[in-house]
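Enquirer: In our numbering, the protein residues as written are 13 to 338. All C-beta atoms in this analysis are idealised placements derived from N, C-alpha and C, irrespective of residue type, glycine included. Values in this document were obtained by computation on a predicted structure and should not be read as measured data.
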Amino acid sequence: MKLLRATLVAIVVVACTIFSTSAWSEVMPGLVTRPGAEVALTYYYPEPFEPAISQLDAEATAVVEALERRLGLDALEDVEVYLLRDMNTYFEWQGVEYRPSSWAVGLSLSDRSTVLVKHGVGSAAEPVDIRKTFIHELAHVAVDRARAGHHVPRWFNEGFAVLHAEEWTPERSDTLTRAASTGSVMAFSALDRYFPPHHQSVSLAYAQSFHFVRHLEQRFGEDFFAEVMALVRQGTSFDEAVHVSSGSTLSALETQWRQELEEGASFWAILSDVNALFFGASFLFLVAFALRVMRKRRQAQAMVDDDDPGPWDYDPSLYPLPGQDR
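#1: Less than 7 angstroms between C-beta atoms, sequence neighbours within five positions excluded: which residues of the same chain meet that for H163?
#2: Cα-Cα, which of S201, A78, L203, L243 is closest to A87?
#3: Could you check the C-alpha separation between W115 and E138 for me, to the nearest Å?
#4: Can at least three beta-carbon pairs, one atom from the stretch 50 to 68 and one from the stretch 161 to 177, be found at a separation below 8 angstroms?
#5: Nearest by alpha-carbon distance to G84: which of E275, S125, A199, V244 is it?
#6: In this structure, how does DSSP classify G171 when only helix, strand and coil are distinguished?
#7: Applying the criterion that 16 or more other CB atoms from any shown protein chain within 10 Å of the CB defines a buried residue, is V117 buried or exposed?
#8: Is F146 near V127, with beta carbons less than 8 angstroms apart?
#9: Using beta-carbon positions only, say whether A217 and F224 come within less than 8 angstroms of one another.
#10: If we ignore side chains and look at the alpha-carbon of each, how far apart do A96 and S125 end up?
#11: What separation, rounded to the nearest whole angstrom, lies between the Cα atoms of P182 and T189?
#12: Spatial neighbours of A242 within its chain, please: C-beta separation below 6 angstroms, excluding the five flanking residues on both sides.
#13: I'd like the span of the alpha helix (DSSP H) that includes Y102, first residue to last.
#14: Whole angstroms are fine: how far does the CA of L150 sit from the CA of R270?
#15: Under 8 angstroms between the Cβ atoms of R82 and A238?
#16: For R143, which residues in the same chain have their Cβ closer than 8 angstroms to its Cβ, ignoring the five residues on either side in sequence?
#17: Going by the C-beta, is L53 closer than 7 angstroms to any heavy atom of the ligand SAH?
#18: What did DSSP end up calling V39 once you bin it into helix, strand or coil?
#19: Going straight from the alpha carbon of E170 to that of R226, what length do you get?
#20: Check whether the Cβ atoms of S221 and W167 sit closer than 8 angstroms, and answer yes or no.
#21: So, A177 versus H148, is the Cβ gap smaller than 8 angstroms?
Below, the structure is given as structure tokens:
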């Protein structure tokens, strides 16, 4: 369950066709409206959430600039951000039947430049990380802008969002490590448009999507996806854009990544992302414990050796028994 909770950090892209145009121009009742201080974002939220919005807006400039740089966007602007106690209220206001999954804590409305973030407690009874959720969903909006209506794989959209929001977790590391060791990593062709519905499978889908997207960026540089998306905007398919920008086919890159992963070449890279300190501390603790045990054994043996008086050289003339003369 812990693995599932960590994996299901609510990344859902909702089709724009579910919305009515008339409701779109209205303001949701009970919400305060506030423009971003330095970026073209508009926030909608209950007044008690003002401190949370201030924190998000304080980071928004750096987040937006990083997205623009990574994806080659001129400007990421005119984005609406809703911070809500219950995301269902948004869809009730829109007058549509759609409801997000019970575990969802964030949504990006496809091609609507709208982000929904839940503020409060998630389905796992844990506080929602509104900062990472905000960054994650904003990354989806940026990908939508960068692709300009052309198709990009679901694995890239999700993997890029996890990468940009820095949502790599020990649970995801464990999921990918286990899959790599058993040869059960999924083909990315199966993740082109949809992720699997099964909880364990979708956990792996997110984990491997992030790791492959990060692998590509680390190998070809931070400008790589900006080059790819520029070609996609011109009508080049995503696969061909990767081929042109990297010099290798996407299939070949996936095969190489998979082999490195399964052979263990990426094992330490997985560990070093988030839980290297934990792993290192655990390793040092085990080493220290082993040394302590060995030291105690040596000390115990030394005490045995020191206490051994050797053979007793008994002289009866010096120590007569009762009734005997000296």
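Expert: The short version:
#1: For the purposes of this step, residue 163 is taken as residue 151 along the sequence shown, with counting starting at 1. Result list for H163: F250, in chain order.
#2: Position 75 of the sequence shown, counting from 1, holds the residue named residue 87. When only C-alpha atoms are compared, the closest one is A78.
#3: Residue mapping note: residue 115 aligns to position 103 of the sequence shown, counting from 1. Residue mapping note: residue 138 aligns to position 126 of the sequence shown, counting from 1. Using only the alpha carbons, I get a separation of about 11 angstroms.
#4: no
#5: Along the sequence shown, one-based indexing puts residue 84 at 72. Taking only the C-alpha atoms, the option nearest G84 is V244.
#6: Here residue 171 is taken as the residue at index 159 of the sequence shown, counted from 1. In the structure shown, G171 sits in a helix (DSSP, three-state: H, G or I).
#7: Translated into positions along the sequence shown, residue 117 becomes position 105. Flag for V117 reads buried.
#8: Here the question's residue 146 lines up with position 134 in the sequence shown. Here the question's residue 127 lines up with position 115 in the sequence shown. Contact flag set, yes.
#9: Position 205 of the sequence shown, counted from the first residue, corresponds to residue 217. Position 212 of the sequence shown, counted from the first residue, corresponds to residue 224. Result no, Cβ atoms of A217 and F224 do not sit closer than 8 angstroms.
#10: In the sequence shown, the residue the question calls residue 96 occupies position 84. In the sequence shown, the residue the question calls residue 125 occupies position 113. In the sequence as presented, Ala is not what sits at residue 96; that position holds Leu. Taking the straight line from one Cα to the other gives about 17 angstroms.
#11: The residue you call residue 182 lines up with position 170 of the sequence shown. The residue you call residue 189 lines up with position 177 of the sequence shown. If you take the alpha carbons of P182 and T189, they lie about 10 angstroms apart.
#12: Numbered from its first residue, the sequence shown carries residue 242 at position 230. Only G84 meet the Cβ criterion.
#13: Along the sequence shown, read from residue 1 onward, the residue named residue 102 stands at position 90. That run of the alpha helix (DSSP H) goes 100 to 106.
#14: For the purposes of this step, residue 270 is identified with residue 258 of the sequence shown, where counting begins at 1. For the purposes of this step, residue 150 is identified with residue 138 of the sequence shown, where counting begins at 1. Computed Cα separation, rounded: 29 angstroms.
#15: Your numbering for residue 82 matches position 70 in the sequence shown. Your numbering for residue 238 matches position 226 in the sequence shown. Yes. Within cutoff.
#16: Counting from 1 along the sequence shown, the entry for residue 143 is found at position 131. Q67, L68, E71.
#17: Of the ligands one can find in the structure shown there are none, so the ligand SAH has no counterpart to examine.
#18: Looking up residue 39 in the sequence shown gives position 27. Coil, per DSSP.
#19: Position 158 of the sequence shown, counted from the first residue, corresponds to residue 170. Position 214 of the sequence shown, counted from the first residue, corresponds to residue 226. Taking the straight line from one Cα to the other gives about 12 angstroms.
#20: Walking along the sequence shown from the start, residue 221 turns up at place 209. Walking along the sequence shown from the start, residue 167 turns up at place 155. W167 sits close to S221, with the two beta carbons spaced by under 8 angstroms.
#21: Looking up residue 177 in the sequence shown gives position 165. Looking up residue 148 in the sequence shown gives position 136. For A177 and H148, yes; Cβs fall inside 8 angstroms.
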